Amino acid sequence: MTIDGSFLILNVSNNRKAGEIVLDLRVLNYFLTVAKEGNITHAADVLHMTQPTLSRQLKDLEEELGVALFVRGSRQVSLTDAGMLFQQRAAELVTLLDKTRRDLAEQENLIGAAVSIGCVESSASSFLTLMLSAFAGVLSPSCFPIHIRCLTNSKSSALPVHFSLKMEM
Numbered sequence: 002m003t004i005d006g007s008f009l010i011l012n013v014s015n016n017r018k019a020g021e022i023v024l025d026l027r028v029l030n031y032f033l034t035v036a037k038e039g040n041i042t043h044a045a046d047v048l049h050m051t052q053p054t055l056s057r058q059l060k061d062l063e064e065e066l067g068v069a070l071f072v073r074g075s076r077q078v079s080l081t082d083a084g085m086l087f088q089q090r091a092a093e094l095v096t097l098l099d100k101t102r103r104d105l106a107e108q109e110n111l112i113g114a115a116v117s118i119g120c121v122e123s124s125a126s127s128f129l130t131l132m133l134s135a136f137a138g139v140l141s142p143s144c145f146p147i148h149i150r151c152l153t154n155s156k157s158s159a160l161p162v163h164f165s166l167k168m169e170m
């Protein structure tokens, strides 16, 4: 899988094989907008494009995927079962790609990395938590997450106890 401009390419070779899909991220957004609006004309207005252009993009998407995504009525559209699954996956893809773009843009500002600390219940467990809390209070703002997981067998809690400190430097 590669990201090339506004395209998500699931095949990195030049020769497409049967069953391989190339998705345009703009079309994913078009699909999500139509699914949200329930009407192609309204979605076209939201997207600032013509209804025939949007309809053609959706039809091409359905042909690319090999499934019907919408049940088209006279005034509205609804998602098929395949459309509901694709809506969930498309939203996940768009969200992940947006997060990736943000992370890449912020990458040069990163100072540290995540620190994960695991411990079992002991007399030092509460001391470790107090020390890390104090340490977090000394640092100036930045993104430096610390995740602590302490297992406990005490009668009050047989389940793992999770502490999560988001420390900012």
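So the working numbering is basically just the index in the sequence shown, starting at one, shifted up by 1. The beta carbon of each residue, even a glycine, is placed where N, CA and C say it ideally should be. Only a predicted model underlies this, so the values are computations on that prediction, with no experimental measurement involved.
CA-to-CA distance, residue j to residue i, given in whole angstroms
i	j	result
R103	L97	10 Å
S127	D25	51 Å
A69	Y31	15 Å
C144	T51	With a pLDDT of 49 at C144, under the threshold of 50, the modelled position of that residue is not reliable, and no figure is offered here.
L80	R90	14 Å
P53	T42	9 Å
L105	D82	35 Å
R27	M132	48 Å
E38	E107	33 Å
G74	D46	18 Å
D99	K60	25 Å
S123	T101	39 Å
Q88	A135	45 Å
Nearest-angstrom beta carbon gap, residue j and residue i [assumed within contact, 8 Å]
i	j	result
A44	G84	Not confirmed; about 14 Å, so no contact.
L33	A92	6 Å
Beta bridge counterpart(s) of residue i as assigned by DSSP
i	result
S79	V72
Burial state of residue i, where buried means 16 or more other Cβ atoms lie within 10 Å
i	result
Q58	buried
L62	buried
R76	exposed
CB of residue i within 9 Å of CB of residue j, strictly
i	j	result
N40	V78	yes
V95	L29	yes
L86	I22	no
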